[in-house]
Ligand code: AMP
Ligand code: GLY
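Numbering (the numbering used here), first residue to last: 6 to 446.
Laid out in structure tokens, this is it:
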């Protein structure tokens with residue numbers, strides 16, 4: 006089978022890496038891919054929003070299955086377009102992915118189906134939004150309705166910040182995405198990302214993950230595209246997952262079907278869990294998360310190709326006993342360019358030569374770790390990387406690498422990921438030092 010993956014980040018590298026392990030897959034293509042993906046796939050220089058060219062290429066290259074990694078093509082209707090051309094594709098239609106690309110739709114949908122989420126109001130007029138914000142307690146959350154490259158959400162600590170965020174939206178700072186604004190109650194608690202693979206009717210969860218969105222240790226600093234992740238998350242017990250299935254995932258899948266947009270693909274549930282362990286929805290996405298995928302897929306002991314194929318056949322029911330998961334833990338640290346998420350330079354050489362030095366296996370924290378780290382495995386997923394004209398590996402984005410440790414337990418996965426990070430040389434490299442600490446119980 007020939008498979009095409011759409012996207013170019015660490016998530017797509019992880020998808021390609023997992024697909025490569027499938028006995029069904031003969032050739033992987035990726036549009037547009039990156040330097041790491043190019044080691045396992047044929048990269049096609051196609052803009053992922055050019056859905057016509059993607060479909061023409063899928064026909065020309067005899068692609069049997071396309072997997073959409075990123076959100077933009079979904080919101081532009083890549084799935085609808087492929088299906089019209091008779092091409093098999095994994096992902097939700099444009100209408101179904103509205104759960105991600107319209108926060109307003111998602112909130113109204115949750116209200117209609119009694120799915121727990123923060124209280125909210127939504128406005129398409131500045132004055133009403135400002136008046137509402139004034140009447141609420143702070144902190145309060147201001148969100149642009151549409152896709153805003155992860156920059157459309159402001160947690161306003163006071164009314165001033167709320168007003169600035171509202172003006173930003175209506176002044177066009179997020180383009181069309183900010184023409185409507187959702188104002189939401191601030192929820193306290195721990196966040197967890199749960200991915201459910203869905204065929205329109207059935208849904209099965211993958212390993213729960215925790216994502217580190219802020220730039221600096223201690224969850225401080227600006228929001229980013231993701232500074233790291235780990236899985237599984239210790240507080241996500243089978244009972245908790247059962248509760249999420251019953252109160253969030255199943256009502257969402259049933260509601261989307263009932264409203265005429267059956268959801269096929271990955272339903273990403275971003276949840277906030279309060280002190281009493283009760284989860285509420287922060288956001289839905291309609292695709293795999295980045296960087297959570299870099300820790301969820303290495304723990305998946307199933308054939309990803311077969312799973313995605315089953316979704317396109319409406320045949321996920323055959324996995325109703327649940328998916329096999331590998332034991333142990335995975336932890337991913339994002340190495341970012343100096344200056345990210347602000348301005349940064351591209352084209353800086355990436356040097357892996359020190360990775361070949363032997364890794365010392367002693368961790369002072371836990372003597373047992375010595376033995377288990379010997380069984381640990383490191384995987385370096387590329388995000389913003391490219392080859393320069395001399396063929397050298399260089400940086401090509403803000404998030405450069407997702408350095409993933411896979412081990413018997415979270416501590417060893419963390420020790421390994423950080424040992425690898427230390428040995429990767431990129432001038433000005435930056436990474437958080439506390440990824441995974443929240444999961445050490
Ligand atoms: P979103 O793009 O909706 O996921 O929002 C980005 C981040 O903002 C989330 O991952 C949360 O950390 C935070 N956030 C969004 N909405 C809320 C809320 N209602 N209460 C607390 N934090 C929130
Ligand atoms: N990890 C957040 C996202 O993929 O949207």
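Ideal Cβ placement from N, Cα and C applies to all residues, glycine included.
Residues whose Cβ lies closer than 5 Å to any heavy atom of ligand 2, listed in chain order: 216, 231, 294, 295. Taken through DSSP and simplified to helix, strand or coil, residue 232 comes out as strand.
No heavy atom of ligand 1 is found nearer than 7 Å to the CB of residue 253. Three or more Cβ pairs closer than 8 Å define a contact, and the segment 165-182 meets that threshold against the segment 130-147.
In this structure, residue 440 has its CB at a distance of at least 7 Å from all heavy atoms of ligand 1.
At least one heavy atom of ligand 1 lies less than 7 Å from the C-beta of residue 191.
The continuous beta strand (DSSP E) containing residue 217 extends over residues 215-221. In the structure shown, residue 255 adopts helical secondary structure according to DSSP, grouped into three states.
A Cβ-Cβ distance of about 5 Å is found for the pair residue 235 and residue 444, placing them in contact under the 8 Å criterion. Closest in C-alpha terms to residue 406, from the list 216, 326, 337, comes 337. Nearest to residue 268 by C-alpha distance, out of 341, 102, 85, is 102. Taking non-hydrogen atoms of ligand 1 into account, the C-beta of residue 123 is found less than 7 Å away from one of them.
Separation of the CB atoms of residue 433 and residue 342 is rounded to 7 Å, and the pair is thereby assigned contact status at 8 Å. Counted as a single uninterrupted DSSP element, the stretch harbouring residue 296 is not any beta strand (DSSP E), since DSSP gives it neither H nor E. A check of alpha carbon separations from residue 420 across 376, 344, 224 identifies 376 as the nearest. Straight-line measurement puts the Cα of residue 380 at about 29 Å from the Cα of residue 31. In this chain, residue 323 is not harboured by any alpha helix (DSSP H), its DSSP state being neither H nor E. For residue 151, the secondary structure class from DSSP, reduced to helix, strand or coil, is coil. In summary, residue 284 is buried, with 16 or more beta-carbon neighbours lying within 10 Å of its beta-carbon over all protein chains present. It is roughly 10 Å from the alpha-carbon of residue 105 to the alpha-carbon of residue 99. Judged by pairs of C-beta atoms under 8 Å, the segment 181-196 touches the segment 142-160, as three or more such pairs exist.
With a contact defined as Cβ atoms closer than 8 Å, residue 111 and residue 289 qualify at about 5 Å.
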